[in-house]
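J.: FYI, the numbering used here numbers position 237 of the sequence shown as 274, with every residue one higher than the one before it.
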Amino acid sequence: MSEKGDSDRLGLVLTGGGARCAYQVGVLKALSEWLPRGAPVPFQILTGTSAGAVSAIVLASRAGDLRAAAAGLEDVWADFEVSDVFRSDILSMLRAGLHWLLAFVSSGLLLPPPRSLLDNSPLRALLERTVVFRGIRRSIAQGRVHALGICATGFTGGRSVTFYEGVPGIEPWSRMTSTSQPVRLELDHLMASLSIPFLFPPVPLHGEYYGDGAMRQSAPLSPAINLGASRLLIIGVRGSSYRSAFGPMELARAPTPAQIFGYMLDTLFMDQIYADLEQLERLNHLVQHAPASFAGVRSIKALVIAPTVDLRAIAARHLASLPRALRALLRVLGAQNPAASSLASYLMFQSAYTRELIALGYADAQARRQELLDFVQPAHLPAAGPVPVRDLLSEQKHAAKTQQRREADDVGKRGEDHAAGEGRVDPQPL
């Protein structure tokens with residue numbers, strides 16, 4: 038709930054979801070095309086968790102031009118490969134497997150337990166090259182961003198922590214399972230939010246180890262509201278009501294470890310969002326029908342956009358594009374069953390998959406264009422016009438290049454042969 042005296046501030050909530058967060062880029066791309074060229078990012082409050090935190094930081098650091106920020110995000114996500122995020126070559130995967138085995142059989146005497154299943158040092162190197170954190174301070178100083186919050190979880194304190202940076206005067210908050218801390222946001226805060234439990238190592242920060250912010254985030258809308266938002270656009274990575282693409286065969290098989298882990302990630306990244314939205318609707322109803330009992334507060338408007346199809350089905354079509362060692366690990370965990378491809382859908386940082394998710398986010402946003410514009414577009418901006426012809430031509434050229442690249446790729450060899458550097462160009466700073 039917000040105080041009546043607060044300004045009308047639009048907030049953006051970007052959930053976590055690993056590779057699934059490519060969907061969010063598609064939605065942002067559509068929104069950037071509807072607003073006039075050169076329009077600033079319309080969100081004064083931005084919060085992100087896990088992979089969603091990356092997009093939140095990029096939007097905040099480039100808040101002066103929404104289209105440029107969205108294009109920068111698309112450039113990175115559209116060319117992703119697993120090797121950009123974690124080490125997936127055969128040697129690295131074997132080394133990790135042997136470490137786990139020796140730690141287990143020796144009860145930790147020969148080797149201590151590994152910090153994580155996967156080594157995400159390539160992701161840290163990528164973000165260090167591409168994300169410009171000083172842009173956050175510039176956007177705040179220019180008045181384009183009121184506050185940016187990045188969510189992580191402290192393993193010692195056991196609470197969800199929102200590390201935030203914003204205009205002076207934002208009061209920290211503390212609840213039973215969540216708290217906040219004003220900081221100068223840096224790469225370590227982002228890496229902490231990205232550290233999915235068990236998969237990626239926790240990050241030491243401010244005298245404590247931190248991991249993915251979704252772990253103890255019982256009220257994921259709360260950080261944006263506490264930072265001053267009165268309206269919230271939530272971009273999720275799993276729909277609340279779409280039907281499974283796999284039919285009754287899914288019920289005929291016992292769940293595999295990969296399937297169970299995938300459901301755990303679903304719970305981490307999206308189930309709490311929908312529970313929090315239900316709670317918000319109930320509170321809004323009470324404020325509307327019993328205003329005397331809620332003097333000084335007002336309702337919070339919220340709009341959710343999430344995939345209209347089952348992302349597991351998309352991931353299942355792209356399993357062959359994964360590096361051979363990662364495919365072997367997923368087979369061991371039981372992800373060879375298409376209905377158990379939920380875990381793969383979070384780890385599939387492969388361009389063929391992320392491009393399809395970007396296209397889905399774009400299409401889902403287009404289908405709700407007027408609803409999104411009515412909710413998002415600031416009143417002081419002119420009405421959004423059609424996309425200029427030169428932009429359409431640019432899109433067509435990009436699509437043609439993408440098709441040529443796909444036809445030239447040998448997906449069976451790509452995971453191992455990419456080290457040869459087949460024309461790959463490092464992404465520009467975001």
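Note that beta-carbon positions come from the ideal geometry of N, C-alpha and C, so glycine has one too.
Note that the coordinates shown come from a computational prediction; the quantities given were computed from them, not determined experimentally.
Check the C-beta distance from Y399 over to A67 and give it rounded, since I have them as a contact under 8 Å.
T.: Taking the first residue of the sequence shown as position 1, residue 399 is located at position 362. Taking the first residue of the sequence shown as position 1, residue 67 is located at position 30. Confirmed, about 5 Å.
J.: Which residue marks the beginning of the alpha helix (DSSP H) containing P294, and which one marks its end?
T.: Locating residue 294 in the sequence shown gives position 257, where the first residue counts as 1. 294–303 is the span of the alpha helix (DSSP H), which, as asked, contains P294.
J.: Between P423 and the rest of its own chain, which residues show a CB-CB distance below 6 Å, the 5 nearest in sequence each way excluded?
T.: Position 386 of the sequence shown, counted from the start, is the residue given in the question as residue 423. Confidence is the limiting factor: at P423 the pLDDT is only 38, short of 50, which leaves the residue's position unreliable, though a coordinate-based value still follows. The answer is none, since no qualifying residue turns up.
J.: Return the CA-CA distance between I351 and P151, expressed in angstroms with no decimal places.
T.: The residue given as residue 351 occupies position 314 in the sequence shown. The residue given as residue 151 occupies position 114 in the sequence shown. I351 and P151: Cα-Cα distance of roughly 32 Å.
J.: Count the other C-beta atoms from every protein chain shown that fall within 10 angstroms of the C-beta of V169, then say buried if there are 16 or more, exposed otherwise.
T.: In the sequence shown, counting from the first residue as 1, residue 169 sits at position 132. Exposed, because fewer than 16 other Cβ atoms sit within 10 Å of the Cβ of V169.
J.: Compute the beta-carbon to beta-carbon distance between L392 and A115, rounded to the nearest angstrom, for a pair I have assumed lies under 8 Å.
T.: Taking the first residue of the sequence shown as 1, we reach residue 392 at position 355. Taking the first residue of the sequence shown as 1, we reach residue 115 at position 78. The amino acid occupying residue 392 in the given sequence is Arg; Leu does not appear at that position. About 5 Å separates the two Cβ atoms, so the contact holds.
J.: Can you give me the Cβ contacts of S143 inside the same chain, cut-off strictly under 6 Å, excluding the 5 residues immediately before and after it?
T.: By one-based count along the sequence shown, residue 143 stands at place 106. Contacts found: none.
J.: Let me make sure I understand the geometry here. Which of Q387, I395, Q296, L314 has the alpha-carbon closest to that of P344?
T.: For this step, residue 344 is matched to residue 307 along the sequence shown. Answer by Cα proximity: I395.
J.: Just to confirm, are L359 and V113 a CB contact at a threshold of 8 Å?
T.: The sequence position of residue 359 within the sequence shown is 322, counting from 1. The sequence position of residue 113 within the sequence shown is 76, counting from 1. Going by C-beta atoms, L359 is not nearer than 8 Å to V113.
J.: Does the beta-carbon distance from S255 to T214 come in below 8 Å?
T.: Walking along the sequence shown from the start, residue 255 turns up at place 218. Walking along the sequence shown from the start, residue 214 turns up at place 177. Cβ atoms of S255 and T214: closer than 8 Å.
J.: Would a C-beta distance cut-off of 8 Å place F237 and V274 closer than the cut-off?
T.: Numbered from 1 along the sequence shown, position 200 holds the residue referred to as residue 237. Numbered from 1 along the sequence shown, position 237 holds the residue referred to as residue 274. Cβ distance not < 8 Å, so F237 and V274 don't count as in contact.
J.: Going by other Cβ atoms of all chains shown within 10 Å of its Cβ, with 16 needed for buried, is P205 buried or exposed?
T.: Mapped onto the sequence shown, residue 205 falls at position 168. Counting Cβ neighbours within 10 Å, P205 comes out exposed, since fewer than 16 surround it.
J.: P219 lies in the beta strand (DSSP E); which residues open and close that run?
T.: Here residue 219 refers to the residue found at position 182 when the sequence shown is read from its first residue. Element bounds for P219: 215–219.
J.: On the DSSP letters alone, give me the boundaries of the alpha helix (DSSP H) that V113 sits inside.
T.: Taking the sequence shown and counting its residues from 1, the one referred to as residue 113 is at position 76. It spans 103–115 - the alpha helix (DSSP H) in which V113 sits, taken as one unbroken run.
J.: Taking 7 Å as the line, does the beta carbon of D45 fall inside it for any heavy atom of the ligand PLP?
T.: Among the ligands in the structure shown, none appear at all, so the ligand PLP cannot be discussed.
J.: At the level of alpha carbons, what is the spacing between R46 and A339?
T.: Locating residue 46 in the sequence shown gives position 9, where the first residue counts as 1. Locating residue 339 in the sequence shown gives position 302, where the first residue counts as 1. Rounded to whole angstroms, R46 to A339 spans 12 Å at the Cα level.
J.: Whole angstroms is fine: what's the gap from L429's alpha carbon to L320's?
T.: For the purposes of this step, residue 429 is taken as residue 392 along the sequence shown, with counting starting at 1. For the purposes of this step, residue 320 is taken as residue 283 along the sequence shown, with counting starting at 1. In this predicted model, L429 has a pLDDT of only 34, less than 50, meaning its place in the structure is not dependable; the value taken from the coordinates is given anyway. The straight-line gap from Cα to Cα measures roughly 44 Å.
J.: Quick check: the Cα distance between L163 and E223, rounded to an integer number of angstroms?
T.: Here the question's residue 163 lines up with position 126 in the sequence shown. Here the question's residue 223 lines up with position 186 in the sequence shown. Spanning the two alpha carbons is a distance of roughly 14 Å.
J.: Any idea what DSSP makes of V413, helix, strand or coil?
T.: Numbered from its first residue, the sequence shown carries residue 413 at position 376. V413: helix per DSSP, three-state reduction.
J.: What does the Cβ neighbour count give for H183, buried or exposed, with the cut at 16 atoms within 10 Å?
T.: On the sequence shown, position 146 is the one that residue 183 refers to. Label assigned to H183: buried.
J.: Classify L49 as helix, strand or coil using the three-state DSSP reduction.
T.: Translated into the one-based positions of the sequence shown, residue 49 becomes position 12. In this structure, L49 counts as strand in the three-state DSSP scheme.
J.: Per DSSP, which one or two residues make a beta bridge with L242?
T.: As a working mapping, residue 242 is identified with position 205 in the sequence shown. DSSP, once it has assigned bridges, lists E245 as partnering L242.
J.: Could you tell me whether the Cβ atoms of L258 and L317 are closer together than 8 Å?
T.: Locating residue 258 in the sequence shown gives position 221, counting from the first residue. Locating residue 317 in the sequence shown gives position 280, counting from the first residue. Cβ distance < 8 Å, so L258 and L317 count as in contact.
J.: Mind the definition here: the segment 72–90 touches the segment 289–298 only if three or more C-beta pairs lie below 8 Å; say whether that holds.
T.: The segment 72–90 vs the segment 289–298: no contact.
J.: Below 8 Å between beta carbons: does that hold for R57 and Y383?
T.: By one-based count along the sequence shown, residue 57 stands at place 20. By one-based count along the sequence shown, residue 383 stands at place 346. In this structure, Y383 lies closer than 8 Å to R57 by Cβ.
J.: How about the segment 183–192 and the segment 93–112: do they share at least three Cβ pairs that are nearer than 8 Å?
T.: Segments in contact, yes.
J.: I need the DSSP call for T193, collapsed to helix, strand or coil.
T.: As a working mapping, residue 193 is identified with position 156 in the sequence shown. T193 falls in the coil class under three-state DSSP.
J.: Helix, strand or coil for D428 per DSSP?
T.: As a position in the sequence shown, residue 428 is number 391, starting the count at 1. Residue placement at D428 cannot be trusted, given a pLDDT of 38 that sits under 50; what the coordinates show is reported in the next sentence. Note: D428 maps to helix in three-state DSSP.
J.: Taking the alpha helix (DSSP H) that L384 falls in, what are its first and last residues?
T.: Against the sequence shown, residue 384 aligns to sequence position 347. From DSSP, the alpha helix (DSSP H) with L384 extends over 379–384.
J.: Out of P219, R221, M301, state which residue places its alpha-carbon closest to the alpha-carbon of R253.
T.: One-based indexing of the sequence shown puts residue 253 at position 216. Out of P219, R221, M301, M301 has the C-alpha closest to the C-alpha of R253.
J.: According to DSSP, simplified to helix, strand and coil, what is G250?
T.: The sequence position of residue 250 within the sequence shown is 213, counting from 1. The answer is coil: DSSP assigns G250 none of H, G, I, E or B.
J.: Which two residues bound the contiguous alpha helix (DSSP H) that contains R268?
T.: What you label residue 268 is simply residue 231 of the sequence shown in a count that begins at 1. It is not in any alpha helix (DSSP H) - R268 instead sits in the beta strand (DSSP E) that spans 268–272.
J.: Taking the continuous alpha helix (DSSP H) assigned at I94, which residues delimit it?
T.: For the purposes of this step, residue 94 is taken as residue 57 along the sequence shown, with counting starting at 1. Per DSSP, I94 belongs to the alpha helix (DSSP H) from 88–98.
J.: Distance check for L51 and H417, CA to CA, integer angstroms please.
T.: Locating residue 417 in the sequence shown gives position 380, where the first residue counts as 1. Locating residue 51 in the sequence shown gives position 14, where the first residue counts as 1. Per-residue confidence for H417 stands at a pLDDT of 42, beneath the threshold of 50, marking its modelled position as unreliable; no derived number is given.
J.: Cutting at 8 Å between CB atoms, please list the residues of its own chain near Q325, excluding the five before and the five after it.
T.: On the sequence shown, position 288 is the one that residue 325 refers to. Hits under 8 Å: S336.
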